[in-house]
Amino acid sequence: MRARSTLFTIFLEYIYPDRKAPVGTLVAMMEALGFSEMAVRAALSRSAKRGWVVPQREGRAAYYALSDRVYWQVGQVRRRLYGPLPPWDGSFLLVLPEGPKARGERERFRREMALLGYGSLQSGVYLGVRADLEATRELLGFYGLEATLFRAAHLGPKEEVLRAFPLERALAHYRALFPFEVPEGPEEAFRALTRLVHEMRKVLFLDPLLPPEFGAQGFPREGFLEARKALYRRALPFLKNLGLPLSDFSPAPW
59 MRARSTLFTI FLEYIYPDRK APVGTLVAMM EALGFSEMAV RAALSRSAKR GWVVPQREGR
119 AAYYALSDRV YWQVGQVRRR LYGPLPPWDG SFLLVLPEGP KARGERERFR REMALLGYGS
179 LQSGVYLGVR ADLEATRELL GFYGLEATLF RAAHLGPKEE VLRAFPLERA LAHYRALFPF
239 EVPEGPEEAF RALTRLVHEM RKVLFLDPLL PPEFGAQGFP REGFLEARKA LYRRALPFLK
299 NLGLPLSDFS PAPW
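First residue of the sequence shown: 59, per our numbering; consecutive thereafter.
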């Protein structure tokens, strides 16, 4: 777990739906995960230079808040991790964007499309399963891209759809995580919970949450949510000492 990526997980799981947190709280949580205060402050500073977070002050208190763009990303991750799966009507979203041209920006766009549940049929052709149309249009807008969008049914064998996604890598990820053991101590439970959410959010780049009709062993939603609930119960004393607004957690894990 790298410092900047872990900070994203901290905001995702413990700060949301608020978008800002005191620097002291972020440092305390990250120190419990094995990061030094110097490393945390350096990660926050680098994230601010990239426009991911925004430093704020209220009197003598220092905060960092997520930028609009990253706050949107957090919302998309939480929607796919915790939101109810939309019913599948048998159709797919096909997106043919006009760009981006630059290689680095093209790769970032591909990863964000994957985060929304898209795979690649071929270069420049994205296949979305249970993908959110509004979020897709918002992402295209962030990149300033025009695109042709279709909603269509697939008429070939299921294997053609499965090949658009790295499902074997997702399955290997799940096998390494589950079954999940719940440690006894509150701080150990906090560390385990953070690692679990951190790994599960990363796997969203690999797993489009296919409907059961495809017979693919996918996202272990029930096992994940049960593990999250059990870990929160053990971690509560640690979290309460941080002064977090626990009643704001959505969805509530207890």
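Even for Gly, the Cβ is constructed at its ideal location relative to N, Cα and C. Note that the structure is predicted; figures quoted are calculated from it, not measured.
Assign Thr206 to buried or exposed, taking buried as 16 or more other Cβ atoms, counted over all protein chains shown, within 10 Å of its Cβ.
For the purposes of this step, residue 206 is taken as residue 148 along the sequence shown, with counting starting at 1. Under this definition Thr206 is an exposed residue.
Supposed close pair His231, Phe150 - CB separation, criterion 8 Å:
If you number the sequence shown from 1, residue 231 lands on position 173. If you number the sequence shown from 1, residue 150 lands on position 92. Cβ atoms of His231 and Phe150 stay farther apart than 8 Å, at about 24 Å.
Continuous alpha helix (DSSP H) assignments of at least 4 residues falling wholly in the stretch 226-272
Within the stretch 226-272, the complete alpha helix (DSSP H) segments of 4 residues or longer fall at 244-261, listed in chain order.
Whose C-alpha, out of Leu143, Glu163 and Ala90, is nearest the C-alpha of Glu280?
Locating residue 280 in the sequence shown gives position 222, where the first residue counts as 1. Among Leu143, Glu163 and Ala90, the Cα nearest to that of Glu280 is on Leu143.
I'd like the span of the alpha helix (DSSP H) that includes Phe66, first residue to last.
Locating residue 66 in the sequence shown gives position 8, counting from the first residue. Under the DSSP assignment, Phe66 falls in the alpha helix (DSSP H) whose first and last residues are Ala61 to Ile68.
Is Phe282 helix, strand or coil by DSSP?
Residue mapping note: residue 282 aligns to position 224 of the sequence shown, counting from 1. It is helical.
Skipping 5 residues on each side, what residues in its chain have a beta carbon closer than 6 Å to that of Gly175?
For the purposes of this step, residue 175 is taken as residue 117 along the sequence shown, with counting starting at 1. Within the same chain, Gly186, Val187, Arg188, Ala189 and Pro266 come within 6 Å of Gly175 by CB-CB distance, once the 5 residues on both sides are set aside.
For Tyr122 and Val135, believed in contact at Cβ under 8 Å, the rounded distance
For this step, residue 135 is matched to residue 77 along the sequence shown. For this step, residue 122 is matched to residue 64 along the sequence shown. Going by Cβ atoms, the distance from Val135 to Tyr122 rounds to 18 Å, so no, they are not a contact pair.
Go to Tyr140, then tell me how far its alpha helix (DSSP H) extends in each direction, as first and last residue.
Counting from one through the sequence shown, the residue named residue 140 turns up at place 82. In the DSSP annotation of this structure, the continuous segment of the alpha helix (DSSP H) that includes Tyr140 starts and ends at Asp126 to Tyr140.
Measure the beta-carbon distance from Arg62 to Ala101 and round it to whole angstroms, keeping in mind my assumption that it falls under 8 Å.
For the purposes of this step, residue 62 is taken as residue 4 along the sequence shown, with counting starting at 1. For the purposes of this step, residue 101 is taken as residue 43 along the sequence shown, with counting starting at 1. In this structure, Arg62 and Ala101 form a Cβ contact; the two beta carbons are roughly 5 Å apart against a cut-off of 8 Å.
Hey, is the stretch 160-169 in contact with the stretch 270-289, meaning 3+ C-beta pairs nearer than 8 Å?
Flag = no, the stretch 160-169 and the stretch 270-289 do not touch.
From the DSSP secondary-structure annotation, give me the bridge partner or partners of Gln180.
In the sequence shown, the residue the question calls residue 180 occupies position 122. Listed as beta-bridge partners of Gln180 by DSSP are Val183.
Can you tell me whether Glu71 is buried or exposed? The criterion is at least 16 other CB atoms within 10 Å of its CB, across all chains shown.
Indexing the sequence shown from 1 puts residue 71 at position 13. Under this definition Glu71 is a buried residue.
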